[in-house]
Amino acid sequence: MPNFDFLTQPALPRPDVTADDAVAIAAERFGLQGRIIELGSNQDRNFRVDTGDARYVLKLANPVFSADELRAQNAALAALTGSGIRIPEVIATLDGQELVEVDVRGITLLARVLRYLDGDPLTDVGRPTPEQLRTLGTLAGRVAAGLSTLRHPGLDRSTQWDARIGGEVVDLLLEHVEQPAKRRVVRDATDAALARLAPLRDRLRVQAVHGDVTDDNIVLGAGGPGVIDFGDVSDGWLVAELAATVTSALHHVPDEPLAVLDVIDAFHAEAPLDDSDLAALWPLVVLRGAVLVVSGEQQVALEADNVYAAENRAHEWVAFDVARRLDADEVETLIRARLAASSAAQQPAASGRPAIAPLVSLSTTAANLADLSVTSRELDAGAWLRPDAEDAILARICREHGHAVTRFAEARLTRASTDRSLPSRTVALAVTLEAPTGVDVIAPFDGELSLSGGSWLLRGDGLELWLDGLTRPLTTATVRAGDTIGTAIRLTAQLSTLSGHRPPAFVTPTLPFSEWAAVSPDPSALFGIELTVEAPDPDASLARRDATFATVQEHYFAHPPLVERGWRHHLVDTRAQTYIDMVNNVTQIGHGHPRLVEAVRDQWAQLNTNSRFHYDELSRFTERLAEIAPEGLDTVFLVNSGSEAVDLALRLAQIHTDRRTILAVTEAYHGWTMASDAVSSSLGDNPRALETRPDWVKLVAAPNSLRGIHTGPDAGPAYLADLDADLAALDAAGIEVAGYIAEPVFGNAGGLMLPDGYLAGVYERIRALGGVCIADEVQVGYGRLGHYFWGSEQQGVVPDVITIAKAMGNGQPLGAVITRREIAESFAAEGSFFSSAGGSPVSSVVGLTVLDVMRDEELQQNAATVGDHLAARLRGLGERHPLVGAVHGMGLYLGMELVLDRQTLAPAIAEAAVVCERMLAEGCIVQPTGDYKNVLKIKPPLCITRESADRFVDALDLVLATL
Numbered sequence: 001m002p003n004f005d006f007l008t009q010p011a012l013p014r015p016d017v018t019a020d021d022a023v024a025i026a027a028e029r030f031g032l033q034g035r036i037i038e039l040g041s042n043q044d045r046n047f048r049v050d051t052g053d054a055r056y057v058l059k060l061a062n063p064v065f066s067a068d069e070l071r072a073q074n075a076a077l078a079a080l081t082g083s084g085i086r087i088p089e090v091i092a093t094l095d096g097q098e099l100v101e102v103d104v105r106g107i108t109l110l111a112r113v114l115r116y117l118d119g120d121p122l123t124d125v126g127r128p129t130p131e132q133l134r135t136l137g138t139l140a141g142r143v144a145a146g147l148s149t150l151r152h153p154g155l156d157r158s159t160q161w162d163a164r165i166g167g168e169v170v171d172l173l174l175e176h177v178e179q180p181a182k183r184r185v186v187r188d189a190t191d192a193a194l195a196r197l198a199p200l201r202d203r204l205r206v207q208a209v210h211g212d213v214t215d216d217n218i219v220l221g222a223g224g225p226g227v228i229d230f231g232d233v234s235d236g237w238l239v240a241e242l243a244a245t246v247t248s249a250l251h252h253v254p255d256e257p258l259a260v261l262d263v264i265d266a267f268h269a270e271a272p273l274d275d276s277d278l279a280a281l282w283p284l285v286v287l288r289g290a291v292l293v294v295s296g297e298q299q300v301a302l303e304a305d306n307v308y309a310a311e312n313r314a315h316e317w318v319a320f321d322v323a324r325r326l327d328a329d330e331v332e333t334l335i336r337a338r339l340a341a342s343s344a345a346q347q348p349a350a351s352g353r354p355a356i357a358p359l360v361s362l363s364t365t366a367a368n369l370a371d372l373s374v375t376s377r378e379l380d381a382g383a384w385l386r387p388d389a390e391d392a393i394l395a396r397i398c399r400e401h402g403h404a405v406t407r408f409a410e411a412r413l414t415r416a417s418t419d420r421s422l423p424s425r426t427v428a429l430a431v432t433l434e435a436p437t438g439v440d441v442i443a444p445f446d447g448e449l450s451l452s453g454g455s456w457l458l459r460g461d462g463l464e465l466w467l468d469g470l471t472r473p474l475t476t477a478t479v480r481a482g483d484t485i486g487t488a489i490r491l492t493a494q495l496s497t498l499s500g501h502r503p504p505a506f507v508t509p510t511l512p513f514s515e516w517a518a519v520s521p522d523p524s525a526l527f528g529i530e531l532t533v534e535a536p537d538p539d540a541s542l543a544r545r546d547a548t549f550a551t552v553q554e555h556y557f558a559h560p561p562l563v564e565r566g567w568r569h570h571l572v573d574t575r576a577q578t579y580i581d582m583v584n585n586v587t588q589i590g591h592g593h594p595r596l597v598e599a600v601r602d603q604w605a606q607l608n609t610n611s612r613f614h615y616d617e618l619s620r621f622t623e624r625l626a627e628i629a630p631e632g633l634d635t636v637f638l639v640n641s642g643s644e645a646v647d648l649a650l651r652l653a654q655i656h657t658d659r660r661t662i663l664a665v666t667e668a669y670h671g672w673t674m675a676s677d678a679v680s681s682s683l684g685d686n687p688r689a690l691e692t693r694p695d696w697v698k699l700v701a702a703p704n705s706l707r708g709i710h711t712g713p714d715a716g717p718a719y720l721a722d723l724d725a726d727l728a729a730l731d732a733a734g735i736e737v738a739g740y741i742a743e744p745v746f747g748n749a750g751g752l753m754l755p756d757g758y759l760a761g762v763y764e765r766i767r768a769l770g771g772v773c774i775a776d777e778v779q780v781g782y783g784r785l786g787h788y789f790w791g792s793e794q795q796g797v798v799p800d801v802i803t804i805a806k807a808m809g810n811g812q813p814l815g816a817v818i819t820r821r822e823i824a825e826s827f828a829a830e831g832s833f834f835s836s837a838g839g840s841p842v843s844s845v846v847g848l849t850v851l852d853v854m855r856d857e858e859l860q861q862n863a864a865t866v867g868d869h870l871a872a873r874l875r876g877l878g879e880r881h882p883l884v885g886a887v888h889g890m891g892l893y894l895g896m897e898l899v900l901d902r903q904t905l906a907p908a909i910a911e912a913a914v915v916c917e918r919m920l921a922e923g924c925i926v927q928p929t930g931d932y933k934n935v936l937k938i939k940p941p942l943c944i945t946r947e948s949a950d951r952f953v954d955a956l957d958l959v960l961a962t963l
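Structure, rendered in C-alpha cells:
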C-alpha cells in the first residue's frame, strides 16, 4: 500500500469504531481489559484503556495510512529514546507484534497500543508561564534534534500538516470556511505568507519531523514533560516543526504575542536555526494557522459529531488571527534580536558599544527638525495624504534654515493609511537629513564600510549604521571615526544592534517600542541634537482625565486610543493609526474641513461677541435657517446645544398654551437640562428614567414597530388608538396638554422608522386639543436621512416647533429652535430670551459655512446614495449572521440591532459591546445605543465615501463571523 498523499484524498472522516469495538480489540489482540474512554482525534480513533494497574492508548489508524507510515511513527519513538523526553512506550500484541490488522464491520484497520503518558496537557493551561513556554520550545527543539538522523520509508508521505504543501491545502479546503469574511482573510494571509516563502523554499532544511509538538501534545507530569501523538511524523521542513509549536502557543497569549519568543529561543538552543529558517518562520506560523482553520472547518463539515475538531476551531482562529495581524518583517527582526541577545549572554562580556561621533558637521537646532506627527500644523487640510507631503515640509525647512532633519520614534502622520485593515507602519526608526547644497558624511565610529543590498553598511563593534543616499566609490573600506566617507544631499541613517540585518525603517505601534529601542538605538548623537519623540501614553492621559473630569461623563472603549486629529470621516490617534468614524453625527461635513477652519479663523480675528450686539452674520444665518425650514416655520432662536434647544421648545409650548403637561414617548432621549431630561425616558441613559419623571410629563408608548406593544409596519393605527386612550384619561383627570415631543425617526433606537401615518395622526390629535407639536430633529434631521432634509418630512408632517443642534455646528456648540412667529412671540410673557454664545458671530459663521458646504458638496445626496448602499450591505450581513436582528434607518442614520434570538428578540448586550471593541482593532469606530445598548449606531459624517462604507461592512462582517 502506498504512503498517504493528502492532495489526492483530502477528505478523511474518522473510521467507524465504537467503544465496544475498542473493548474487543484491546482484549483479544493485546490482552488489555478495563474501562474504555475515547480520546479526541481529527482523523483516527483513539481510546484510553484503564486496566486498574496501568493506562494505555489503543490507536486505530485511518485506513488510508499505510503500515510503513505507522512503523515510521514507532521508529520516531525509538529514535527519541534516551533524549530526556518522556515518550510513550510501544506495547506489543499478545503474539509480539507492534502493529496488527483488525476487522471492524468489514473494514481492515491497523491497530497498535502505546502506554498512556500521565500528565496534564499544556492546552489546559490558560496562560502559560515563561518557563512553560520555554519547556514547549525545548521539547520541540529536542524532538527535532533527535529526529534529524531518522530515515524510514514511511516518512515519505504527504499530510495536510506538511508546510511544504500548505498553500495547496488551503486551496483545497478553503471552501469549507462558511463565512465569506473569514475566507477572504485566510486567502489574503495565505497568499502573503506564500509570497514571502517563495524565495526561501529551496534553502529550507528537510528532515524527519514530529509535525505536531503543540500544546495539545505536551503533557506536564511528575516525571517531567512529555510528548505524545506521533501520528503526523513525516519528512518536512525543520523550521516548520517550530512554526507548529509557536502557532499552538499564540492562542494562549493573544494580547502578548512576543511571549512566543521564549518558545523560539528555547527551540533554537536545542536545534539551531539558520538565516533562511529565521526568514521563513513567521510566514510558516501564519500558514500553519491558515491550514488549522481550513482543516478544522473541513473536519466538522465531514463529521458534525467530531467534538474534538469543533472545540478546537475557536482557538485555532485566534492563533491564526494573532499571527496574520503582526507584521512579518517586524517579528522576524525581533526574533533575530532575541536569539542574538541569548547568544551574547553566553559569551564573555563585551566592552560595550562604541562611542558615537557626529555623522555630519552641521549645526542643527530645533528649527531644522521636521514635525511630521499627528498634530503637525503643516499637515492640516488633508496635506498628510499627499505623496509629497514629507518632501514639501523638508523643502520648506531647507529654504528657511539650510537643512532639515526628521525625528526618531515619531509616529508620522504622513505614513498613515486610511480604510486600513491592519496597523500602518508609522513609527520611524530611521531619520533623514536633507541638505540641498550637499554635505560631507563622516564615520561616527571605527568600522568596515561596505555595500549591502543597495545600502551602505558601517559595521562597528556591537553597532552598525545603515546609510541610504551616500555617494562614494563603490569599494569596501576600513574607516576610523572622523574619516570622511562620502557626500550626500538626502541621507537616511539607521543604527542597529543586529549583525547584518537591517531593522525596518518604519514599524507599526503594535509591539512595545522598548523592543525597537534595543534593536534600533536612538541616533540623536549622529546629528548633535535630541531627535527622539516621546510617544504619548493613552492610559496615562485617561488617568489624568479621570482625576479631574467627572467620570460620569463616559468615554468610548475600555482602552480608548488617544485621538488628536480628524479629517473628513477619519479619526487619527497619536500613533498615526486611522479609524473610520461611523458614530459622529456631530461632525456633519467631516473633520477638519478647510473651509470651516478658514471661516472660523477669519471671524475670530475680526469679531466674536454675543447676540445682543448687531452684526450681519446672525441675520444671514437665521435667514438661511428660515429658508430651509418647513413651510410656515419662519422664526429662529439660536442656542448652544440640543439640550438647550429642547428645553426652550418645551417652555415655548407651555408659555404659548398656558399649560404645563407635555406628552413624550418612552425610550426617547432629548438632552441633559432639567426640562429636556424630564422628557427623556431612555433606560440606556438613565436606568431609573421611568420612575423619576416629574408630574408635568406624561409618557406614551413608543411607536417601536420591532419591540413595542404593537409590532410590524402597520402598527401605526394601534399606537394611535393607545394614544386616544391616554388622551381620554388625561381629559377625565382635567389635565390639558401643552404639547407633544418626539423624534420623527427614533434616533435613540438606532434610526428606527416610525410607522407610516403615526406622526400625522398624533399631530392631528394634539392640535385638536390646542397643543403644540415639537419635532426633535437634533440627531436625525438636517439632511442626514438623505432622501429628506427633515425627519418630519418622511412622516409627511409640519411641526409647530423644530429643535436642531449637533450637525448644524459640525462640533461647534450651536443649536436652534425654529417655530412660527406667534409661538416665538409668546415668550415675551416671561421676559426676553438670551443665550450667551447662541448666535455669536463665530457660531453664525460656523452655521452658514456648514450649510454652504452641504450644498456645494452635495452631502445630502451623498447621504442618500452612500446610505442606501450601506444599508443594503448591512442587511446582507443579516442573511448570514443570526446575531443581526434588524437594520433600521435611512440615509446615514442607521442602526443594526443585535439579538440572541430573532423570535424572542433577546438583546445581544454583551455581544454588542464585544463587537464595538473588536471593530476598533479593525480601524472602525462604532458604538451601541438603545435601551439595551444592543443597537450599533451608524451615523458617520455625511462626506463618507462608498469605499469607506464598504471597508466598515467588511470589518463588521469579519467581527460577526468570529464572535
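Numbering (my numbering), first residue to last: 1 to 963. C-beta: ideal position from N, C-alpha, C; glycine also. All values reported here derive from a predicted model rather than from experimental measurement.
If contact is defined by three or more beta carbon pairs under 8 Å, each pair taking one atom from either stretch, is the stretch 366–378 in contact with the stretch 392–412?
yes
If you check the beta carbons only, do I741 and L874 fall under 8 Å apart?
Here residue 741 refers to the residue found at position 741 when the sequence shown is read from its first residue. Here residue 874 refers to the residue found at position 874 when the sequence shown is read from its first residue. No, the pair does not count as a contact, with Cβ atoms beyond the cut-off.
To the nearest whole angstrom, what separates the beta carbons of Y893 and N585, a pair I think is in contact under 8 Å?
Taking the sequence shown and counting its residues from 1, the one referred to as residue 893 is at position 893. Taking the sequence shown and counting its residues from 1, the one referred to as residue 585 is at position 585. Confirmed, about 7 Å.
Euclidean distance between Cα positions of A512 and Q577:
The residue given as residue 512 occupies position 512 in the sequence shown. The residue given as residue 577 occupies position 577 in the sequence shown. Note that residue 512 is Pro in the sequence shown, not Ala. Going from the Cα of P512 to the Cα of Q577 covers about 15 Å.
Name the residue from T962, P630, F834 and P841 whose alpha carbon lies nearest to the alpha carbon of R820.
Numbered from 1 along the sequence shown, position 820 holds the residue referred to as residue 820. Here the closest residue by C-alpha is P630.
For P538 and L859, what's the separation of their Cα atoms in angstroms?
Indexing the sequence shown from 1 puts residue 538 at position 538. Indexing the sequence shown from 1 puts residue 859 at position 859. One C-alpha to the other measures close to 34 Å.
Count the other C-beta atoms from every protein chain shown that fall within 10 angstroms of the C-beta of R659, then say buried if there are 16 or more, exposed otherwise.
Mapped onto the sequence shown, residue 659 falls at position 659. Buried is the call here.
With DSSP run on the structure shown, which of helix, strand or coil describes G791?
Here residue 791 refers to the residue found at position 791 when the sequence shown is read from its first residue. DSSP places G791 in helix when its eight states are reduced to three.
Grab the span of the beta strand (DSSP E) containing A493 for me, first residue to last.
If you number the sequence shown from 1, residue 493 lands on position 493. That run of the beta strand (DSSP E) goes T484 to S496.
Going by DSSP, what residue range makes up the beta strand (DSSP E) through I766?
Stepping through the sequence shown from its first residue, residue 766 is reached at position 766. Not the beta strand (DSSP E): I766 falls in the alpha helix (DSSP H), residues Y758 to A768.
Starting from the Cα of K59, find the closest Cα among T51, D53 and L70 and give me that residue.
Taking the sequence shown and counting its residues from 1, one reaches residue 59 at position 59. For the residues T51, D53 and L70, the minimum Cα distance to K59 belongs to L70.
Can you name the start and end residues of the alpha helix (DSSP H) that R313 belongs to?
Counted from its first residue, the sequence shown places residue 313 at position 313. First-last of the alpha helix (DSSP H) with R313: V307 to R325.
Please determine, among I442, L292, Y308 and A428, the residue with the shortest C-alpha to C-alpha distance to V360.
Looking up residue 360 in the sequence shown gives position 360. Closest by alpha carbon: I442.
Short of 6 Å in beta carbon distance, which residues of its chain neighbour W979, apart from the five on each side in sequence? Order them along the chain.
Here the chain covers residues 1 to 963 and nothing more, so residue 979 does not appear.
Evaluate F527 with the Cβ neighbour count: other Cβ atoms within 10 Å of its Cβ, from every protein chain shown; 16 or more gives buried, anything less gives exposed.
What you label residue 527 is simply residue 527 of the sequence shown in a count that begins at 1. Answer is buried; the Cβ neighbour count reaches 16.
In this structure, how does DSSP classify S234 when only helix, strand and coil are distinguished?
Within the sequence shown, residue 234 is the residue found at index 234, counting from 1. Of the three classes helix, strand and coil, the one that applies to S234 here is strand, per DSSP.
Is it right to say M1 is buried, meaning 16 or more other beta carbons lie within 10 angstroms of its own, or is it exposed?
Indexing the sequence shown from 1 puts residue 1 at position 1. Exposed.
Taking the beta carbon of V552 as the centre, do at least 16 other beta carbons fall within 10 Å, making it buried, or is it exposed?
In the sequence shown, the residue the question calls residue 552 occupies position 552. By the 10 Å Cβ count, V552 comes out exposed.
Going by Cα to Cα distance, which pick from F827, D685 and Q299 is closest to F637?
Translated into positions along the sequence shown, residue 637 becomes position 637. For F637, the nearest C-alpha among the options comes from F827.
6 Å CB neighbourhood of T587 in its chain, flanking five on each side removed:
Along the sequence shown, one-based indexing puts residue 587 at 587. The residues are N810, G811 and P941.
Could you pull the start and end residues of the alpha helix (DSSP H) that I218 belongs to?
Position 218 of the sequence shown holds residue 218. Segment I218 to G221 is the beta strand (DSSP E) holding I218; no alpha helix (DSSP H) there.
If contact is defined by three or more beta carbon pairs under 8 Å, each pair taking one atom from either stretch, is the stretch 81–88 in contact with the stretch 205–225?
yes
Identify whether T432 lies in helix, strand or coil by the three-state DSSP scheme.
The residue you call residue 432 lines up with position 432 of the sequence shown. In the structure shown, T432 sits in a strand (DSSP, three-state: E or B).
To the nearest angstrom, how far is it from the Cα of P713 to the Cα of P744?
Within the sequence shown, the letter at position 713 stands for residue 713. Within the sequence shown, the letter at position 744 stands for residue 744. Looking at the two C-alpha atoms, the distance is approximately 16 Å.
Going by DSSP, name the residue or residues bridged to I965.
Past the boundaries of the shown model lies residue 965; the chain is included only from 1 to 963, so the question cannot be answered.
DSSP three-state assignment for A416, whether helix, strand or coil:
For the purposes of this step, residue 416 is identified with residue 416 of the sequence shown, where counting begins at 1. Coil, per DSSP.
Skipping 5 residues on each side, what residues in its chain have a beta carbon closer than 8 Å to that of V772?
Working through the sequence shown from its first residue, we reach residue 772 at position 772. Around V772: L652, A653, H656, T657, A738, G739, Y740, I766, D800, V801 and I823.
Express the C-alpha separation of N46 and L109 in angstroms, rounding to a whole number.
As a first step, residue 109 is located in the sequence shown; it is residue number 109 there, counting from the start. As a first step, residue 46 is located in the sequence shown; it is residue number 46 there, counting from the start. So the two alpha carbons sit approximately 13 Å from each other.
Euclidean distance between Cα positions of P687 and A416
Along the sequence shown, read from residue 1 onward, the residue named residue 687 stands at position 687. Along the sequence shown, read from residue 1 onward, the residue named residue 416 stands at position 416. Those two C-alpha atoms are separated by around 41 Å.
Among R399, T471, G642 and G462, the one whose alpha carbon lies nearest that of H670
Your numbering for residue 670 matches position 670 in the sequence shown. Considering only alpha carbons, the answer is G642.
Mind checking W604: buried by the 16 CB within 10 Å criterion, or exposed?
By one-based count along the sequence shown, residue 604 stands at place 604. Under this definition W604 is an exposed residue.
Indicate whether G876 and M890 have their beta-carbon atoms separated by less than 8 Å.
For this step, residue 876 is matched to residue 876 along the sequence shown. For this step, residue 890 is matched to residue 890 along the sequence shown. Result no, Cβ atoms of G876 and M890 do not sit closer than 8 Å.
I969, buried or exposed, once every other Cβ within 10 Å from all chains shown has been counted against 16:
Nothing can be reported for residue 969, as the shown portion of the chain is limited to 1 through 963.
How big is the Cα-Cα spacing for G590 and S276?
To locate residue 590, count along the sequence shown from 1; it is residue 590. To locate residue 276, count along the sequence shown from 1; it is residue 276. Roughly 48 Å separates the two Cα atoms.
Would you say the stretch 544–551 touches the stretch 896–915, given that touching needs at least three Cβ pairs under 8 Å?
no
Considering only their Cβ atoms, is the gap separating A871 from Q179 smaller than 8 Å?
Along the sequence shown, one-based indexing puts residue 179 at 179. Along the sequence shown, one-based indexing puts residue 871 at 871. No, the pair does not count as a contact, with Cβ atoms beyond the cut-off.
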